[in-house]
Amino acid sequence: MDHAADTFRTDLMTITRHVLNEQSRHPESRGDLTILLSHIVLGCKFVASAVNKAGLAKLTGLAGETNVQGEEQKKLDVLSNEVFVNALVSSGRTCVLVSEEDEKATFVDPKLRGKYCVCFDPLDGSSNIDCGVSIGTIFGIYMIKNQDTVTLEEVLQPGKDMIAAGYCMYGSSCTLVLSTGNGVNGFTLDPSLGEFIMTHPDIKIPPKGKIYSVNEGNAKNWDTPTAKYVEKCKYPTDGSSPKSLRYIGSMVADVHRTLLYGGIFLYPADKKSPSGKLRYATAYAHNSNSTSTIARNSFEVA
Numbered sequence: 001m002d003h004a005a006d007t008f009r010t011d012l013m014t015i016t017r018h019v020l021n022e023q024s025r026h027p028e029s030r031g032d033l034t035i036l037l038s039h040i041v042l043g044c045k046f047v048a049s050a051v052n053k054a055g056l057a058k059l060t061g062l063a064g065e066t067n068v069q070g071e072e073q074k075k076l077d078v079l080s081n082e083v084f085v086n087a088l089v090s091s092g093r094t095c096v097l098v099s100e101e102d103e104k105a106t107f108v109d110p111k112l113r114g115k116y117c118v119c120f121d122p123l124d125g126s127s128n129i130d131c132g133v134s135i136g137t138i139f140g141i142y143m144i145k146n147q148d149t150v151t152l153e154e155v156l157q158p159g160k161d162m163i164a165a166g167y168c169m170y171g172s173s174c175t176l177v178l179s180t181g182n183g184v185n186g187f188t189l190d191p192s193l194g195e196f197i198m199t200h201p202d203i204k205i206p207p208k209g210k211i212y213s214v215n216e217g218n219a220k221n222w223d224t225p226t227a228k229y230v231e232k233c234k235y236p237t238d239g240s241s242p243k244s245l246r247y248i249g250s251m252v253a254d255v256h257r258t259l260l261y262g263g264i265f266l267y268p269a270d271k272k273s274p275s276g277k278l279r280y281a282t283a284y285a286h287n288s289n290s291t292s293t294i295a296r297n298s299f300e301v302a
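If you're matching positions, the sequence shown starts at 1 in UniProt numbering and goes up one per residue.
In structure tokens:
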């Protein structure tokens with residue numbers, strides 16, 4: 001047996017190869033989405049490197065600013081946002097960007113515009129940076145009908161119209177999970193190659209899980225059905241074993257665990273937030289005084 005060949009796989013499904021394969025399923029495609037995704041992947045690699053160096057480079061100190069959610073921004077938040085804005089604009093495939101860190105939407109210079117809108121959170125869970133808990137990037141991509149005259153209203157599209165969505169988790173390993181409408185696939189960054197390699201093909205949530213994930217610190221403000229459901233998870237009445245509680249506090253990490261292990265992740269509406277906890281950013285049109293509220297990210301559920 002050739003142990004060297006067994007040790008080093010040579011037929012690797014990289015994320016680039018996967019996206020190109022998906023593109024080949026659509027002969028009419030011009031490769032615009034492929035190019036855009038490659039720039040997002042590059043941004044994820046850059047942020048992964050910065051996160052790994054955060055403690056050493058002292059990038060986790062406060063930047064002296066707050067984002068539109070009233071959260072204290074870390075320097076790593078600022079850096080990550082700049083990285084993704086620059087990567088998305090330079091792709092030449094975007095016309096408007098909506099970042100959770102920016103109060104205003106970014107309208108791309110007409111000379112660099114493409115047909116896509118990207119909504120993203122460059123570094124979700126930033127309050128967990130200092131203690132080494134997993135954090136991540138979240139993104140959703142929509143198509144804009146007329147990039148030359150794009151308005152904020154055109155960004156307010158339902159999730160079912162999303163072209164692609166995904167997240168990149170920076171933890172014990174760097175994992176990027178992506179869907180372009182044909183299943184969900186996970187890729188892990190191999191530092192020695194500098195490539196995302198497919199490690200979780202065709203992810204499907206197990207039909208039955210043993211984990212419930214919720215911030216029980218908000219329990220006093222829950223409505224009765226939610227409180228009863230969580231109570232049943234802890235004290236089942238059908239003779240089954242109690243569910244295990246796992247709550248990280250970084251949406252990306254909680255969702256990733258749920259995708260792989262099953263169960264439920266919830267961030268329910270409560271008395272303090274009757275409309276739930278979807279984040280919103282108020283974006284201002286550059287050519288008018290009107291304001292529109294744009295969802296933080298249709299892919300995010302908390």
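Even glycine gets a Cβ: it sits at the ideal position worked out from N, Cα and C. Here the structure is a predicted model, which is why all the values come from computation and not from measurement.
- request: Give me the Cα-Cα distance between Phe107 and Val96, rounded to the nearest whole angstrom.
  value: If you take the alpha carbons of Phe107 and Val96, they lie about 4 Å apart.
task: Kindly identify the DSSP beta-bridge partner or partners of His200.
output: Secondary-structure assignment with DSSP links His200 through a beta bridge to Gly186.
- request: State the DSSP-derived secondary structure class of Tyr247, mapped to helix, strand or coil.
  value: The answer is coil: DSSP assigns Tyr247 none of H, G, I, E or B.
task: Give me the Cα-Cα distance between Arg279 and Asp238, rounded to the nearest whole angstrom.
output: Because the pLDDT at Arg279 is just 49, under 50, the model does not fix this residue reliably, and the point stays unresolved.
- request: Out of Asp202, Thr224 and Asp32, state which residue places its alpha-carbon closest to the alpha-carbon of Leu259.
  value: The shortest C-alpha separation from Leu259 is found at Asp202.
message: Could you tell me the alpha carbon to alpha carbon distance between Lys228 and Gly263, rounded to whole angstroms?
response: Each residue's Cα considered, the two are about 17 Å apart.
message: So for Ser179, helix, strand or coil by DSSP?
response: Reduced to three states, the DSSP call for Ser179 is strand.
- prompt: If you compare alpha carbons, which of Asp270, Phe84 and Leu266 is closest to Lys220?
  reply: When only C-alpha atoms are compared, the closest one is Asp270.
query: What are the start and end residues of the beta strand (DSSP E) that includes Thr14?
result: Annotation: Thr14 is outside any beta strand (DSSP E) and is labelled neither H nor E by DSSP.
task: Answer with buried or exposed for Gly132, where buried requires no fewer than 16 other C-beta atoms within 10 angstroms of its C-beta.
output: Counting Cβ neighbours within 10 Å, Gly132 comes out exposed, since fewer than 16 surround it.
message: Among Lys234, Ile205 and Thr199, whose alpha-carbon lies nearest the alpha-carbon of Val214?
response: Nearest neighbour of Val214 by Cα position, chosen from Lys234, Ile205 and Thr199, turns out to be Lys234.
message: Taking a contact to mean a Cβ-Cβ separation below 8 Å, would you say Ser172 touches Thr188 in this structure?
response: Annotated as distal: Ser172 and Thr188, with beta-carbon spacing of 8 Å or more.
field: Endpoints, alpha helix (DSSP H) assigned at Ser126
entry: From DSSP, Ser126 is part of no alpha helix (DSSP H); its letter is neither H nor E.
field: Within the segment 154–179, ranges of the beta strand (DSSP E) (whole runs, at least 3 residues)
entry: Listed in chain order, they are 164–170 and 174–179.
query: What residue range is occupied by the uninterrupted beta strand (DSSP E) comprising Val96?
result: Thr94 to Ser99 is the extent of the beta strand (DSSP E) around Val96.
- prompt: Looking at the structure shown, is Glu195 part of a helix, part of a strand, or coil, going by DSSP?
  reply: Looking at Glu195 - three-state DSSP - the assignment turns out to be strand.
field: Span of the beta strand (DSSP E) around Ser273
entry: In the DSSP assignment, Ser273 falls outside any beta strand (DSSP E), carrying neither H nor E.
query: Are Ser90 and Leu123 close, meaning C-beta to C-beta below 8 Å?
result: Ser90 places its beta carbon 8 Å or farther from that of Leu123.
query: Quick one: what's Gly140 bridged to in DSSP?
result: For Gly140, DSSP records a beta bridge to Cys119 and Ala165.
query: Less than 8 Å separating the beta-carbons of Gly140 and Cys168?
result: Gly140 is not a Cβ neighbour of Cys168, given a cutoff of 8 Å.
query: Using DSSP with H/G/I as helix, E/B as strand and the rest coil, what is Arg279?
result: Residue placement at Arg279 is poorly supported in this model, since its pLDDT is 49, which falls under 50; the coordinates still yield a value, given next. In the structure shown, Arg279 sits in coil (DSSP, three-state: anything other than H, G, I, E or B).
- request: Measure the C-alpha to C-alpha separation of Met13 and Ala48 and round it to an integer number of angstroms.
  value: When rounded, the distance between both Cα atoms is 20 Å.
3-residue-minimum beta strand (DSSP E) runs that sit fully inside the segment 200–227, ordered along the chain: The segment 200–227 contains these whole beta strand (DSSP E) runs: 211–213.
Those residues which DSSP pairs with Ile264 across a bridge: Looking at the DSSP assignment, Ile264 forms a beta bridge with Tyr212.
- prompt: How would you label Pro236, buried or exposed, when you count the other beta carbons within 10 angstroms and need 16 or more for buried?
  reply: Pro236 comes out exposed.
- prompt: What does Phe107 pair with, by DSSP beta-bridge criteria?
  reply: Phe107 pairs with Val96.
- prompt: Roughly how many whole angstroms lie between the Cα atoms of Leu176 and Gly186?
  reply: Their backbone Cα atoms lie some 6 Å apart in a straight line.
task: Check each candidate in Pro110, Thr94, Asp102 and Ile135 and name the one with the smallest Cα separation from Ala54.
output: Among Pro110, Thr94, Asp102 and Ile135, the Cα nearest to that of Ala54 belongs to Ile135.
- prompt: Buried or exposed: which applies to Leu152, given that a residue is buried once 16 or more other Cβ atoms fall within 10 Å of its Cβ?
  reply: Around the beta carbon of Leu152, 16 or more other beta carbons lie within 10 angstroms, which makes this residue buried.
- prompt: Under 8 Å between the Cβ atoms of Leu33 and Ile163?
  reply: By the CB criterion at 8 Å, Leu33 and Ile163 fall inside the cutoff.
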